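Chemist:
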Amino acid sequence: LRRALVGGIEMEVWDVVVLGDGPAGLAAAANAASEGANVLLMTAEALGRRDPRMSDGLAASIDESTNRGHREDTIRAGGFLCDQDIVASVTSSAVRETDLLERRGVIFRRDLRGLPHVRRLPGHGQPRVVGSGDADARELQQVMEEQCMRHGVIRRSDQVPLRLVHTGQRVQGLVVADLTGGRVLGLQSKAVILADEGASDVAITGRGAYGLALALDAGLPLRDMEFLASTPLGVRDTSMTLPLGLLADGATVCESDGTPIELGDGLASAVSAIRTAKEAVIDLRDLGEARPWYDATFRLLSQRLGIDADRQTVAIEPRPYASLGGVAVDEEGRAVIGSWSRWFTGLYAAGGTACTGLHGAGLLPGNLVLDALTSGRAAGASAAAWLVDQPHAGSKAVASAVEEAEADLAAMMAPAEGDGGVVRTGAVTSAVSALISST
Numbered sequence: 065l066r067r068a069l070v071g072g073i074e075m076e077v078w079d080v081v082v083l084g085d086g087p088a089g090l091a092a093a094a095n096a097a098s099e100g101a102n103v104l105l106m107t108a109e110a111l112g113r114r115d116p117r118m119s120d121g122l123a124a125s126i127d128e129s130t131n132r133g134h135r136e137d138t139i140r141a142g143g144f145l146c147d148q149d150i151v152a153s154v155t156s157s158a159v160r161e162t163d164l165l166e167r168r169g170v171i172f173r174r175d176l177r178g179l180p181h182v183r184r185l186p187g188h189g190q191p192r193v194v195g196s197g198d199a200d201a202r203e204l205q206q207v208m209e210e211q212c213m214r215h216g217v218i219r220r221s222d223q224v225p226l227r228l229v230h231t232g233q234r235v236q237g238l239v240v241a242d243l244t245g246g247r248v249l250g251l252q253s254k255a256v257i258l259a260d261e262g263a264s265d266v267a268i269t270g271r272g273a274y275g276l277a278l279a280l281d282a283g284l285p286l287r288d289m290e291f292l293a294s295t296p297l298g299v300r301d302t303s304m305t306l307p308l309g310l311l312a313d314g315a316t317v318c319e320s321d322g323t324p325i326e327l328g329d330g331l332a333s334a335v336s337a338i339r340t341a342k343e344a345v346i347d348l349r350d351l352g353e354a355r356p357w358y359d360a361t362f363r364l365l366s367q368r369l370g371i372d373a374d375r376q377t378v379a380i381e382p383r384p385y386a387s388l389g390g391v392a393v394d395e396e397g398r399a400v401i402g403s404w405s406r407w408f409t410g411l412y413a414a415g416g417t418a419c420t421g422l423h424g425a426g427l428l429p430g431n432l433v434l435d436a437l438t439s440g441r442a443a444g445a446s447a448a449a450w451l452v453d454q455p456h457a458g459s460k461a462v463a464s465a466v467e468e469a470e471a472d473l474a475a476m477m478a479p480a481e482g483d484g485g486v487v488r489t490g491a492v493t494s495a496v497s498a499l500i501s502s503t
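Offset between the sequence shown (1-based) and our numbering: plus 64.
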């Protein structure tokens, strides 16, 4: 860790700052650090917070001779709006990603041949999704955290990003509110990787999307934000979401009176079927040999709702699940602005913050994890290779941004004057004040 003092403002100096503690952020940080970069990974939440969207497994053509079926199913699920070159590249790397995770310690279910057990989830023409029951998110988070520890990545929680510091569409660093230290902190860096959950959490909890907010504030366009995938397995009147793998392991969906509900072939048709049902429930009583792989789900249903899923059905409803849009990026994770050849220098995006072109207008189960891992690795590797010949710059810009952020916070915390209590801060207010002063 290096520190610098500029105009009385102390700041930290890093090669790469990664925003996001999910699989995409961890993959980006580990890859960049493995190439020798000095990396800080930070999140506005607690460290190790598992993303339930990562509990649906990883799609990989293990039992197929080529990735053609996976590629075609992805394009079909995306409404033929995917970037087909990206789809071909990502799906061809899926088996390699599965092998890498297994070598690093992820425990996949296995078939009689000793290979990872593949299941057929909605939208897939063949059994193609590997996983660990309801432990997918935990296994993935643990293994990726271990990779960050191995390569010396510094990880911090409770760091709320306030602004992206840039000059002439070139990244200089970040300003964050360090909630653990109660201070505004400047982070000078050569590259910034935005890799949090994107807009997915906004639809569910009403908070998050810090990476997208930083990108918008910097003037970057967002792509495909109108596309929001839903899951059919939200537990009614709760924030719980059941893993989609249950549908491939013997769970059945029906009306409360026992009438079967036809879910169709894809995720969108399953969501539509449950949305139009009178009172949809899921029956988990006949999972057979797969039952032990979902112990945590059964235990959580019992503890939170008092439901014994071995004997009772569970009421379900569709709900927003994952945002498919974000910062437009190229195949290396570089944030582009205006045209594909114009890079917002030093800025990368991955995972939920990025629109990689893989998903198009719809989500194929198992591709969310695949996209997070491949886009995170690509962004981390590209950033590490690019910054080797780049000097640290913009210390004065970072110091100035820290002062502005402190002034904004002080104004918002100060007692309100008059009856309105309206406080205006930020760049627009500064520009208007300067204009008034000059007239």
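Even glycine gets a Cβ: it sits at the ideal position worked out from N, Cα and C.
Predicted, not measured: the structure shown is a model, and the values here were computed from it.
For residue 438 versus residue 161, is the C-beta spacing smaller than 9 Å?
Modeler: Taking the first residue of the sequence shown as position 1, residue 438 is located at position 374. Taking the first residue of the sequence shown as position 1, residue 161 is located at position 97. For residue 438 and residue 161, yes; Cβs fall inside 9 Å.
Chemist: What does residue 379 pair with, by DSSP beta-bridge criteria?
Modeler: Looking up residue 379 in the sequence shown gives position 315. Answer by DSSP bridge pairing, in chain order: 345.
Chemist: Residues in the same chain with beta-carbon distance under 6 Å from residue 189, minus the five sequence neighbours each way, listed in chain order, please.
Modeler: Numbered from 1 along the sequence shown, position 125 holds the residue referred to as residue 189. If we look at residue 189 and ignore the five residues flanking it on each side, its Cβ neighbours are 133 and 137.
Chemist: State the DSSP-derived secondary structure class of residue 403, mapped to helix, strand or coil.
Modeler: Mapped onto the sequence shown, residue 403 falls at position 339. Looking at residue 403 - three-state DSSP - the assignment turns out to be strand.
Chemist: For residue 232, which option in 108, 410 and 278 has the closest C-alpha, if you only look at C-alpha atoms?
Modeler: In the sequence shown, residue 232 corresponds to position 168, counting from 1. Ranking 108, 410 and 278 by Cα distance to residue 232 puts 410 first.
Chemist: On the premise that residue 125 lies in contact with residue 101, defined as a C-beta separation below 8 Å, what is that separation, rounded to the nearest angstrom?
Modeler: If you number the sequence shown from 1, residue 101 lands on position 37. If you number the sequence shown from 1, residue 125 lands on position 61. 33 Å between Cβ atoms; not a contact.
Chemist: Report the option in 466, 127, 292 and 216 whose CA atom is closest to the CA atom of residue 177.
Modeler: Taking the sequence shown and counting its residues from 1, one reaches residue 177 at position 113. Selected option, being the one with the closest Cα: 127.
Chemist: Roughly how many angstroms separate the alpha carbons of residue 413 and residue 81, rounded to a whole number?
Modeler: What you label residue 413 is simply residue 349 of the sequence shown in a count that begins at 1. What you label residue 81 is simply residue 17 of the sequence shown in a count that begins at 1. About 12 Å.
Chemist: Let's see if you can read the secondary structure: which residues bound the beta strand (DSSP E) around residue 189?
Modeler: In the sequence shown, the residue the question calls residue 189 occupies position 125. Premise fails: residue 189 is in no beta strand (DSSP E) and is neither H nor E.
Chemist: First and last residue of the alpha helix (DSSP H) that includes residue 90?
Modeler: Here the question's residue 90 lines up with position 26 in the sequence shown. Counting along the chain, the alpha helix (DSSP H) containing residue 90 begins and ends at 87–98.
Chemist: Looking at residue 418 and residue 259, is the spacing between their C-beta atoms short of 9 Å?
Modeler: In the sequence shown, residue 259 corresponds to position 195, counting from 1. In the sequence shown, residue 418 corresponds to position 354, counting from 1. The answer is yes: Cβ separation under 9 Å.
Chemist: Which value, in whole angstroms, describes the spacing of the CA atoms of residue 238 and residue 202?
Modeler: Stepping through the sequence shown from its first residue, residue 238 is reached at position 174. Stepping through the sequence shown from its first residue, residue 202 is reached at position 138. Going from the Cα of residue 238 to the Cα of residue 202 covers about 29 Å.
Chemist: Suppose contacts are defined by Cβ-Cβ distances below 9 Å. Is residue 111 in contact with residue 84 by that definition?
Modeler: To locate residue 111, count along the sequence shown from 1; it is residue 47. To locate residue 84, count along the sequence shown from 1; it is residue 20. No; because the gap between Cβ atoms is not below 9 Å, this pair is not in contact.
Chemist: Where DSSP assigns a beta bridge to residue 212, which residues make up the other side?
Modeler: In the sequence shown, counting from the first residue as 1, residue 212 sits at position 148. Paired residues: none, contrary to the question.
Chemist: To which residues does DSSP link residue 229 through a beta bridge?
Modeler: In the sequence shown, counting from the first residue as 1, residue 229 sits at position 165. In DSSP, residue 229 forms a bridge with 237.
Chemist: Tell me whether residue 346 is buried or exposed, calling it buried when 16 or more other Cβ atoms sit within 10 Å of its Cβ.
Modeler: Here residue 346 is taken as the residue at index 282 of the sequence shown, counted from 1. Buried is the call here.
Chemist: With H, G and I counted as helix, E and B as strand and the rest as coil, what does DSSP make of residue 178?
Modeler: To locate residue 178, count along the sequence shown from 1; it is residue 114. Coil.
Chemist: Starting from the Cα of residue 393, find the closest Cα among 349, 116, 459 and 288 and give me that residue.
Modeler: Numbered from 1 along the sequence shown, position 329 holds the residue referred to as residue 393. Ranking 349, 116, 459 and 288 by Cα distance to residue 393 puts 288 first.
Chemist: Any heavy atom of the ligand NAP closer than 8 Å to the beta-carbon of residue 120?
Modeler: Although the ligand NAP was asked about, the structure shown includes no ligands whatsoever.
Chemist: Express the C-alpha separation of residue 465 and residue 192 in angstroms, rounding to a whole number.
Modeler: To locate residue 192, count along the sequence shown from 1; it is residue 128. To locate residue 465, count along the sequence shown from 1; it is residue 401. Residue 192 and residue 465: Cα-Cα distance of roughly 48 Å.
Chemist: Grab me the residues of residue 500's own chain with a C-beta within less than 7 Å of its C-beta, minus the 5 sequence neighbours each way, in chain order.
Modeler: Position 436 of the sequence shown holds residue 500. The pLDDT assigned to residue 500 is 49, lower than 50, so where the model puts this residue is not dependable; a value taken from the coordinates is nonetheless given after this. No residues qualify anywhere along the chain.
Chemist: Taking all protein chains shown into account, do 16 or more other C-beta atoms lie within 10 angstroms of the C-beta of residue 342, making it buried, or fewer, making it exposed?
Modeler: Within the sequence shown, numbered from 1, the residue matching residue 342 stands at position 278. That one is exposed.
Chemist: Report buried or exposed for residue 405, applying the criterion of at least 16 other Cβ atoms within 10 angstroms of its Cβ.
Modeler: Start at 1 with the first residue of the sequence shown, and residue 405 comes out as number 341. Residue 405 should be labelled exposed.
Chemist: Using CA coordinates, which residue listed in 262, 309, 206 and 131 is at the minimum distance from residue 358?
Modeler: For this step, residue 358 is matched to residue 294 along the sequence shown. Answer by Cα proximity: 309.
Chemist: If I follow the unbroken beta strand (DSSP E) through residue 78, where does it start and stop?
Modeler: Position 14 of the sequence shown, counted from the start, is the residue given in the question as residue 78. Per DSSP, the unbroken beta strand (DSSP E) holding residue 78 starts and ends at 73–83.
Chemist: Just how far apart, CA to CA, sit residue 248 and residue 66?
Modeler: The residue labelled residue 248 in the question sits at position 184 within the sequence shown. The residue labelled residue 66 in the question sits at position 2 within the sequence shown. Rounded to the nearest angstrom, the two C-alpha atoms are 17 Å apart.
Chemist: Please look up how many angstroms separate the CB atoms of residue 198 and residue 361, rounded, as I've assumed it's under 8 Å.
Modeler: Working through the sequence shown from its first residue, we reach residue 198 at position 134. Working through the sequence shown from its first residue, we reach residue 361 at position 297. Going by Cβ atoms, the distance from residue 198 to residue 361 rounds to 5 Å, so yes, they are a contact pair.
Chemist: Name the one or two DSSP bridge partners that residue 305 has.
Modeler: In the sequence shown, residue 305 corresponds to position 241, counting from 1. According to DSSP, which records beta bridges pairwise, residue 305 is partnered with 298.
Chemist: Taking buried to mean at least 16 other C-beta atoms within 10 Å of its own C-beta, is residue 291 buried or exposed?
Modeler: Start at 1 with the first residue of the sequence shown, and residue 291 comes out as number 227. Here residue 291 is buried. Its C-beta has 16 or more other C-beta atoms within 10 Å.
Chemist: Could you tell me the boundaries of the alpha helix (DSSP H) in which residue 352 lies?
Modeler: Residue numbering aside, residue 352 sits at position 288 when the sequence shown is read from its first letter. Looking at the DSSP string, residue 352 is not in any alpha helix (DSSP H), and its letter there is neither H nor E.
Chemist: Comparing alpha-carbon positions, which option in 457, 282, 425 and 87 lies nearest residue 400?
Modeler: As a working mapping, residue 400 is identified with position 336 in the sequence shown. Selected option, being the one with the closest Cα: 282.
Chemist: What distance in whole Å lies between the Cβ atoms of residue 344 and residue 313, which are believed to be in contact at a cut-off of 8 Å?
Modeler: Stepping through the sequence shown from its first residue, residue 313 is reached at position 249. Stepping through the sequence shown from its first residue, residue 344 is reached at position 280. Rounded, the Cβ-Cβ distance is 18 Å, inconsistent with contact.
Chemist: Do residue 141 and residue 427 come within 9 Å of each other at the CB atom, strictly closer than that value?
Modeler: What you label residue 427 is simply residue 363 of the sequence shown in a count that begins at 1. What you label residue 141 is simply residue 77 of the sequence shown in a count that begins at 1. Cβ atoms of residue 427 and residue 141: closer than 9 Å.
Chemist: By alpha-carbon positions, which one of 98, 311 and 416 ends up nearest to residue 185?
Modeler: As a working mapping, residue 185 is identified with position 121 in the sequence shown. The shortest Cα separation from residue 185 among 98, 311 and 416 belongs to 311.
Chemist: Which of helix, strand or coil does DSSP assign to residue 338?
Modeler: Locating residue 338 in the sequence shown gives position 274, counting from the first residue. It is helical.
Chemist: Find the nearest neighbour of residue 349 within the set 332, 335, 337 and 316, judged by alpha-carbon distance.
Modeler: Sequence index remark: in the sequence shown, residue 349 carries index 285 (1-based). Of 332, 335, 337 and 316, the residue nearest in Cα terms is 316.
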